[in-house]
Amino acid sequence: MKKLFNATFEQSLNLLDDRLVDYMIKDTEKRGLYNGKKRFLLISISIILIMGQYGFVKFTELGIKDPDRNSLVPEPDINFLPESFFWIFLFIYLFIWLYTRYKNRNNSSTRIFITMNTCNNYLIWLILTVNLFFITMFLKLLTSIGMIIVLILLTIVGYIVIRSKCNSLNIKMLNIKDKEKHKVGGFIKKIIQMVMSYGWIVVIIVMIWKFIFPSGNTPRTDMIGFINIFAMWIAFNIAVILAEAYLFFPYLLHGYYKHKYSEEYRNFEGKTQLEWYGEKYFNKHIKGTDKEEIYNE
0 MKKLFNATFE QSLNLLDDRL VDYMIKDTEK RGLYNGKKRF LLISISIILI
50 MGQYGFVKFT ELGIKDPDRN SLVPEPDINF LPESFFWIFL FIYLFIWLYT
100 RYKNRNNSST RIFITMNTCN NYLIWLILTV NLFFITMFLK LLTSIGMIIV
150 LILLTIVGYI VIRSKCNSLN IKMLNIKDKE KHKVGGFIKK IIQMVMSYGW
200 IVVIIVMIWK FIFPSGNTPR TDMIGFINIF AMWIAFNIAV ILAEAYLFFP
250 YLLHGYYKHK YSEEYRNFEG KTQLEWYGEK YFNKHIKGTD KEEIYNE
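Residue numbers (numbering that gives the first Met the number 0): 0 to 296.
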């Protein structure tokens with residue numbers, strides 16, 4: 000992984016050969032929502048999305064205080080998504096946003112990447128919120144063992160997808176294959192086949208057992224509906240893993256190198272310093288300094 004952040008300028012250009020990176024670059028540059036032309040709309044959407052996060056918290060509290068007695072899902076005993084979680088992560092989210100904005104203020108060359116990095120941070124926050132919500136609601140039905148199996152399976156899927164993409168980037172950027180043997184990787188490979196073969200069977204058996212022999216006065220209701228919601232939860236996790244590995248990570252890695260080798264990329268794209276950095280940043284940090292004299296000779 001560390002190798003991916005130590006590429007030379009020439010090696011970093013290989014990221015542009017990635018079709019998804021190329022798609023993300025073209026898509027974000029032409030959309031006013033990302034390039035800074037529709038800031039009010041972006042702020043409005045951000046507020047609505049943050050309110051949605053808070054809605055998950057209140058909905059979880061409602062599910063505990065006033066559960067549906069006719070639901071297959073029993074009343075939760077533990078709330079893994081307390082209101083304090085929302086405020087803590089809101090503070091972290093806003094702090095990172097303000098810090099990155101401050102460090103790159105008025106710099107046109109990094110504006111889009113700062114916006115997309117903020118979107119990525121929100122997505123990470125969202126997946127944590129959604130998972131804690133479903134853990135709260137489904138823990139009693141799946142039992143601790145069943146929930147642990149589900150989380151292990153998702154972790155394995157994430158490991159495989161991310162490791163595969165990192166190896167692909169190593170080959171594409173650095174022209175090397177990852178021949179290093181990792182103890183964790185070797186262990187994961189040994190248990191993948193066993194877990195993928197029998198893990199879901201255990202979860203399904205637990206679900207059916209809880210359905211046929213419900214605890215307490217929990218009635219048997221719409222099992223198919225529960226399975227659909229459960230499948231949507233798993234699918235959402237996998238979709239986020241794929242988006243992170245194949246869209247956000249390579250694109251933000253490109254942004255990292257575009258910031259690291261700012262002048263090299265500026266020359267590569269044939270732009271002046273004023274066009275590249277923007278008038279405010281150029282006048283404050285470039286104009287009249289050694290940088291202007293060196294690069295504009």
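Quick reminder that beta carbons are idealized off the backbone N, C-alpha and C, glycines included.
- Looking from the CA of phenylalanine 248, the closest CA among Phe229, Ile228, Ser163 and Asn105 belongs to Ser163.
- Residues Leu15 of the same chain have their beta carbon placed closer than 7 Å to that of aspartate 21, with the five preceding and five following residues left out of the count.
- DSSP places serine 108 in the coil class of the three-state scheme, outside both helix and strand.
- Taking a contact as a CB-CB distance under 8 Å, the pair leucine 131 and phenylalanine 90 does not count as one, their CB atoms being some 17 Å apart.
- Between leucine 71 and glutamate 82, the alpha-carbon positions lie close to 26 Å from each other.
- By the Cβ test, the segment 271-280 is in contact with the segment 107-119, since at least three Cβ pairs between them sit closer than 8 Å.
- Here asparagine 236 is buried: its Cβ has 16 or more other Cβ atoms, across all protein chains shown, within 10 Å.
- A direct Cα-Cα distance of roughly 8 Å separates isoleucine 24 from tyrosine 250.
- In the three-state scheme derived from DSSP, where H, G and I count as helix and E and B as strand, tyrosine 264 is classed as helix.
- The continuous alpha helix (DSSP H) containing methionine 50 extends over residues 38-64.
- In terms of Cβ geometry, asparagine 13 and methionine 172 form a close pair [threshold 8 Å].
- By a beta-carbon distance limit of 8 Å, glutamate 263 contacts phenylalanine 8. Their separation comes to about 5 Å.
- A straight line joining the alpha-carbon of lysine 102 with that of lysine 290 spans about 19 Å.
- Only buried fits glutamate 243, as 16 or more other CB atoms lie within 10 angstroms of its CB.
- Histidine 284: not part of any alpha helix (DSSP H); DSSP gives it neither H nor E.
- Contact between leucine 141 and valine 149 holds: CB atoms are separated by about 7 Å, below the 8 Å threshold.
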